[in-house]
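Which chain is which? The protein sequence lines are E and Y, in order. The opening position of the first sequence corresponds to residue 413 in the working numbering, with each subsequent residue numbered one higher. The opening position of the second sequence corresponds to residue 413 in the working numbering, with each subsequent residue numbered one higher. We put the CB at the ideal spot given by N, CA and C, even for glycine. If you're wondering where the values come from, they're calculated on a predicted model, not measured in any experiment.
Protein chains: 2
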Amino acid sequence: MEKWEENVRRVTPYTPGEQPDFPDMVKLNTNENPYPPAPGVLWRMREMQYENLRLYPAPGADLLVNALADYYKMDPEQIFVGVGSDDVLAMAFLTFFNGKEPVLFPDITYSFYDVWAGLFRIPYECQPLLEDFTIRKEDYYKPNGGVVFPNPNAPTGVEMPLADIEDILQHNRDSVVIVDEAYIDFGGISARKLVEKYDNLLVVQTFSKSRSMAGLRIGYAFGCKKIIKYLQDAKYSFNSYTMNRPSLELGAEALKDEAYFRQTVEKIIATRERTKKRLAELGFTFADSKSNFIFVTHPDFSARELFEALKKEHIYVRYFAKPRIDNYLRITIGTDEQMDVLLAFLEKYRKER
Amino acid sequence: MEKWEENVRRVTPYTPGEQPDFPDMVKLNTNENPYPPAPGVLWRMREMQYENLRLYPAPGADLLVNALADYYKMDPEQIFVGVGSDDVLAMAFLTFFNGKEPVLFPDITYSFYDVWAGLFRIPYECQPLLEDFTIRKEDYYKPNGGVVFPNPNAPTGVEMPLADIEDILQHNRDSVVIVDEAYIDFGGISARKLVEKYDNLLVVQTFSKSRSMAGLRIGYAFGCKKIIKYLQDAKYSFNSYTMNRPSLELGAEALKDEAYFRQTVEKIIATRERTKKRLAELGFTFADSKSNFIFVTHPDFSARELFEALKKEHIYVRYFAKPRIDNYLRITIGTDEQMDVLLAFLEKYRKER
Numbered sequence: 413m414e415k416w417e418e419n420v421r422r423v424t425p426y427t428p429g430e431q432p433d434f435p436d437m438v439k440l441n442t443n444e445n446p447y448p449p450a451p452g453v454l455w456r457m458r459e460m461q462y463e464n465l466r467l468y469p470a471p472g473a474d475l476l477v478n479a480l481a482d483y484y485k486m487d488p489e490q491i492f493v494g495v496g497s498d499d500v501l502a503m504a505f506l507t508f509f510n511g512k513e514p515v516l517f518p519d520i521t522y523s524f525y526d527v528w529a530g531l532f533r534i535p536y537e538c539q540p541l542l543e544d545f546t547i548r549k550e551d552y553y554k555p556n557g558g559v560v561f562p563n564p565n566a567p568t569g570v571e572m573p574l575a576d577i578e579d580i581l582q583h584n585r586d587s588v589v590i591v592d593e594a595y596i597d598f599g600g601i602s603a604r605k606l607v608e609k610y611d612n613l614l615v616v617q618t619f620s621k622s623r624s625m626a627g628l629r630i631g632y633a634f635g636c637k638k639i640i641k642y643l644q645d646a647k648y649s650f651n652s653y654t655m656n657r658p659s660l661e662l663g664a665e666a667l668k669d670e671a672y673f674r675q676t677v678e679k680i681i682a683t684r685e686r687t688k689k690r691l692a693e694l695g696f697t698f699a700d701s702k703s704n705f706i707f708v709t710h711p712d713f714s715a716r717e718l719f720e721a722l723k724k725e726h727i728y729v730r731y732f733a734k735p736r737i738d739n740y741l742r743i744t745i746g747t748d749e750q751m752d753v754l755l756a757f758l759e760k761y762r763k764e765r
Numbered sequence: 413m414e415k416w417e418e419n420v421r422r423v424t425p426y427t428p429g430e431q432p433d434f435p436d437m438v439k440l441n442t443n444e445n446p447y448p449p450a451p452g453v454l455w456r457m458r459e460m461q462y463e464n465l466r467l468y469p470a471p472g473a474d475l476l477v478n479a480l481a482d483y484y485k486m487d488p489e490q491i492f493v494g495v496g497s498d499d500v501l502a503m504a505f506l507t508f509f510n511g512k513e514p515v516l517f518p519d520i521t522y523s524f525y526d527v528w529a530g531l532f533r534i535p536y537e538c539q540p541l542l543e544d545f546t547i548r549k550e551d552y553y554k555p556n557g558g559v560v561f562p563n564p565n566a567p568t569g570v571e572m573p574l575a576d577i578e579d580i581l582q583h584n585r586d587s588v589v590i591v592d593e594a595y596i597d598f599g600g601i602s603a604r605k606l607v608e609k610y611d612n613l614l615v616v617q618t619f620s621k622s623r624s625m626a627g628l629r630i631g632y633a634f635g636c637k638k639i640i641k642y643l644q645d646a647k648y649s650f651n652s653y654t655m656n657r658p659s660l661e662l663g664a665e666a667l668k669d670e671a672y673f674r675q676t677v678e679k680i681i682a683t684r685e686r687t688k689k690r691l692a693e694l695g696f697t698f699a700d701s702k703s704n705f706i707f708v709t710h711p712d713f714s715a716r717e718l719f720e721a722l723k724k725e726h727i728y729v730r731y732f733a734k735p736r737i738d739n740y741l742r743i744t745i746g747t748d749e750q751m752d753v754l755l756a757f758l759e760k761y762r763k764e765r
């Protein structure tokens, strides 16, 4: 090792899901939306200003922030945007989790939380989910340097009732509480309105799942003006211009077509409920999911073996080699046709055991 | 102040240049390119895949990294990409400047360096430029936690000879040296090839200036495979997918049209040289610039007053209210027509004094 390497920040990076690219693949491994973005996005893309690419975008991302403010009927100063919700969350960890007490989050949760804590040297303490994969709210009633959890939780899909979230907020007036709502649009109830009541609450959402725009990288957060200002200041200390012109224009456009949005989300929910029924018939068990994925286990199958068998057929799901969940698979909800391919394989797989 | 605010990271954010938007404005304040990106970018934009926006981009940004590798005849593993060179530099500060010794950079330089140092709590020590705005290389021959400077320097435009950069590298084998080449394509000589010889060198460039794509946010860095791997690991610990699909596709496309690139850069250089001559005739003095801006002062004018007078005419240049340079203006090189508007005003302004 060279001497200069002594000053390098050592990290254990997050491993994103595979991004295979086979024409025949059934890609149910990274919680992408199987339907394209709102059709208006296509027209907007075709009309996008080419000459303006030479100019910096507005550093405040005004076009997108104002569109979000209109859509959610909030003040633009209550909204922060970033390069996907990962960028928003990373910036929030950096900004708000600077205390000596540990930050609290579930043991089974989005696997980026401990990575950010590692990167920024933030002390943390995982709170175990109950056996049924629900969060025990009382675990978050102790002194801490911050609280963060997804709702619905990932990769379990389990939703926490809004009243429980408010209980956690009631018991945490002295540290920032982040509710990561990446999957909230698939049937969950958002904590967004609570930002009017709790100045230490940050609610994070994304265009990647319900709005079918993972490829554009747009995340956003709601909070009181003060908490958003802190986040903006940190962002302006990192990179003035994070959102490029296509993100701003296409993101704002996507918010205009509410009918398409509703329709897409409802299709995915219908497919999810149908898939749950079929999976149960095949002997799989799973907590009730309010997201665009189902987290399943089977008494007779090894999750890892099934994962490999599916992969051979170019059916991609997500497997986490982690304590407590190493016999589970996270299956993204695709189109009905994609789920039928998966279910047909599972049926065959079960018979051949 | 609420108790939760005690854990907030306090920062002094960077202030980006104004982004006014008047139809008649002459915008010479943020070093944007006055010419549009390569025409191929327009065609690629019109043909961009709409359906694929629902899918995450490749986390390794392969399309763009491979295009850069081909263009510069380097190995893809020697290249890192980010959301503008600010993102690349922020990530590099976070990754490489974790020592106890101060990081060294010039007192007059890109004003984001001390902001990143502040954000990440990195100790630093500014080394004063000589009176003629050149960097004294010997100032960087002492123990340090890292070295960073732009070449050509900003906002002075002064280039450091490659031999001097190599001298700095020779005296700094134990810490990372970052050469920030945002403006290198306007006549400077890149240190890029030195990455083969010095494993602690990182050379940063951008699509924002010479490639007319500030609105897309694309920056990149060259280094040995080891240093790039460290940077990748930190990036994967922050945000897996930073480069969105339009950036990847349009960035890769822009590299294809070498003739257009050369032509654009040469036009800007010609305009710069012509502008230098005229400014000198008007009594302005300035160090010789190898960038797409000129950093000027005038014995008879207050820079701040001139800045305000220009602004009233919707002619925007950049003024920094900072020690040693508070009687200077940084003027971006626009089209010949834009420079003529500026020069005509300056002529009138001088007569009216």
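Candidates E:A699, E:I681, E:L660 and E:L667, of which the one nearest E:L465 by Cα: The sequence position of residue 465 of chain E within the first sequence is 53, counting from 1. Here the closest residue by C-alpha is E:L660.
Pairwise C-alpha distance: E:R674 and E:N360: The structure shown does not extend to residue 360 of chain E, since chain E spans only 413 to 765, so no value can be given for it.
Other residues of its chain near Y:T618: CB distance less than 6 Å, five sequence neighbours each side excluded: In the second sequence, residue 618 of chain Y corresponds to position 206, counting from 1. Excluding residues within five positions, the ones whose Cβ falls inside 6 Å are S497, A594 and G631.
Contact set between E:E414 and chain Y, taken where Cβ atoms lie within less than 9 Å: Numbered from 1 along the first sequence, position 2 holds the residue referred to as residue 414 of chain E. Near E:E414 (Cβ distances below 9 Å), the residues of chain Y are R585, D586, D611, N612 and K638.
Short CB-CB distance (under 8 Å) between E:N567 and chain Y: Within the first sequence, numbered from 1, the residue matching residue 567 of chain E stands at position 155. With the sequence shown as reference, residue 567 of chain E is identified as Pro, and Asn is not the correct amino acid for it. Judged by the 8 Å Cβ criterion, E:P567 is not in contact with chain Y.
Proximity winner among Y:V677, Y:A450, Y:M625 and Y:V753, relative to E:N656 (alpha-carbon distances): For the purposes of this step, residue 656 of chain E is taken as the residue at position 244 of the first sequence. Out of Y:V677, Y:A450, Y:M625 and Y:V753, Y:M625 has the C-alpha closest to the C-alpha of E:N656.
Which of helix, strand or coil DSSP assigns to E:K415: On the first sequence, residue 415 of chain E is found 3 positions in, with the first residue counted as 1. Residue state, collapsed to three classes: helix.
Span of the beta strand (DSSP E) around E:R742: Translated into positions along the first sequence, residue 742 of chain E becomes position 330. Run containing E:R742: L741 to T744, per the beta strand (DSSP E) assignment.
Members of the region 417-445 of chain E that neighbour chain Y once the beta carbon cut-off is set at 9 Å: E417, E418, N419, V420, R421, R422, V423, T424, P425, Y426, T427, P428, G429, Q431, D433, K439, T442, E444 and N445
Positions along the region 454-467 of chain E whose CB lies within less than 8 Å of some CB in chain Y: L454, M457, R458, M460, Y462, E463, N464, L465, R466 and L467
Exposure of E:T424, with buried meaning 16 or more beta-carbon neighbours within 10 Å: Numbered from 1 along the first sequence, position 12 holds the residue referred to as residue 424 of chain E. So E:T424 counts as exposed.
First through last residue of the beta strand (DSSP E) which encompasses Y:V753: To locate residue 753 of chain Y, count along the second sequence from 1; it is residue 341. Segment D748 to K763 is the alpha helix (DSSP H) holding Y:V753; no beta strand (DSSP E) there.
Of the listed residues Y:E537, Y:P555, Y:D519 and Y:V527, nearest to Y:E543 (C-alpha basis): Against the second sequence, residue 543 of chain Y aligns to sequence position 131. Of Y:E537, Y:P555, Y:D519 and Y:V527, the residue nearest in Cα terms is Y:D519.
Through-space distance from E:E665 to E:P449, alpha-carbon basis: Counting from one through the first sequence, the residue named residue 449 of chain E turns up at place 37. Counting from one through the first sequence, the residue named residue 665 of chain E turns up at place 253. Taking the straight line joining both Cα atoms gives about 10 Å.
Coarse secondary structure for Y:S537, derived from DSSP in three states: Counted from its first residue, the second sequence places residue 537 of chain Y at position 125. Checking the displayed sequence, the identity of residue 537 of chain Y turns out to be Glu instead of Ser. Reduced to three states, the DSSP call for Y:E537 is strand.
Spatial distance of Y:G599 from E:W416 (CA atoms): Reading the second sequence from its first residue, position 187 is the one you call residue 599 of chain Y. Reading the first sequence from its first residue, position 4 is the one you call residue 416 of chain E. Distance between the alpha carbons of Y:G599 and E:W416 is about 31 Å.
Whole-Å CB distance - Y:F719 paired with Y:L741, under 8 Å assumed: Here residue 719 of chain Y refers to the residue found at position 307 when the second sequence is read from its first residue. Here residue 741 of chain Y refers to the residue found at position 329 when the second sequence is read from its first residue. The Cβ separation is near 6 Å, so the contact holds.
Cutoff 8 Å; reference Y:T676; Cβ partners in own chain excluding five residues on either side: Taking the second sequence and counting its residues from 1, one reaches residue 676 of chain Y at position 264. Answer for Y:T676: N445, Y447, S622 and S624, listed in chain order.
Environment of E:R548 [buried if 16+ CB atoms lie within 10 Å]: In the first sequence, counting from the first residue as 1, residue 548 of chain E sits at position 136. Exposed is the call here.
Neighbour flag for E:L628 against chain Y, beta carbons, 8 Å: Start at 1 with the first residue of the first sequence, and residue 628 of chain E comes out as number 216. Yes, E:L628 lies at the interface with chain Y (some Cβ there is under 8 Å from its Cβ).
Spatial neighbours of E:V500 in its chain, beta-carbon cut-off 6 Å, leaving aside the 5 residues before and after: Position 88 of the first sequence, counting from 1, holds the residue named residue 500 of chain E. Same-chain partners within the cutoff: G494, V616, G631 and A633.
Touch test, the region 742-754 of chain E against the region 696-714 of chain E, Cβ-Cβ under 8 Å, three pairs minimum: yes
Inter-stretch contact at 8 Å, needing at least 3 Cβ pairs: the region 634-642 of chain E / the region 480-491 of chain E: yes
Interface residues of the region 650-668 of chain Y facing chain E [CB-CB below 7 Å]: F650, N651, S652, Y653, T654, N656, R657, P658 and S659
Bounding residues of the beta strand (DSSP E) (the contiguous stretch that carries Y:G472): Position 60 of the second sequence holds residue 472 of chain Y. It is not in any beta strand (DSSP E) - Y:G472 carries neither H nor E in the DSSP assignment.
First through last residue of the alpha helix (DSSP H) which encompasses E:I577: Here the question's residue 577 of chain E lines up with position 165 in the first sequence. Segment L574 to Q582, the alpha helix (DSSP H) holding E:I577.
Endpoints, the beta strand (DSSP E) within which Y:P562 is located: Within the second sequence, the letter at position 150 stands for residue 562 of chain Y. It spans G558 to P562 - the beta strand (DSSP E) in which Y:P562 sits, taken as one unbroken run.
Cβ of Y:A646 within 8 Å of any chain E Cβ: Against the second sequence, residue 646 of chain Y aligns to sequence position 234. Chain E contact via Cβ: present.
Any chain E beta carbon closer than 8 Å to Y:L506: Here residue 506 of chain Y is taken as the residue at index 94 of the second sequence, counted from 1. Yes, because at least one Cβ of chain E sits closer than 8 Å to the Cβ of Y:L506.
Continuous beta strand (DSSP E) stretch holding E:Q617: start and end: What you label residue 617 of chain E is simply residue 205 of the first sequence in a count that begins at 1. Taken as a continuous stretch (DSSP letters only), the beta strand (DSSP E) holding E:Q617 covers L613 to T618.
Endpoints, the alpha helix (DSSP H) within which E:I640 is located: On the first sequence, residue 640 of chain E is found 228 positions in, with the first residue counted as 1. From DSSP, the alpha helix (DSSP H) with E:I640 extends over K637 to Y648.
Through-space distance from Y:E693 to Y:I678, alpha-carbon basis: Mapped onto the second sequence, residue 678 of chain Y falls at position 266. Mapped onto the second sequence, residue 693 of chain Y falls at position 281. The question names Ile, but residue 678 of chain Y is Glu in the sequence shown. Using only the alpha carbons, I get a separation of about 23 Å.
Stretch-stretch touch, CB-based, cutoff 8 Å, three pairs: the region 457-474 of chain E with the region 451-463 of chain Y: yes
Separation of E:Y468 from E:D474, as counted between CA atoms: Locating residue 474 of chain E in the first sequence gives position 62, where the first residue counts as 1. Locating residue 468 of chain E in the first sequence gives position 56, where the first residue counts as 1. Looking at the two C-alpha atoms, the distance is approximately 13 Å.
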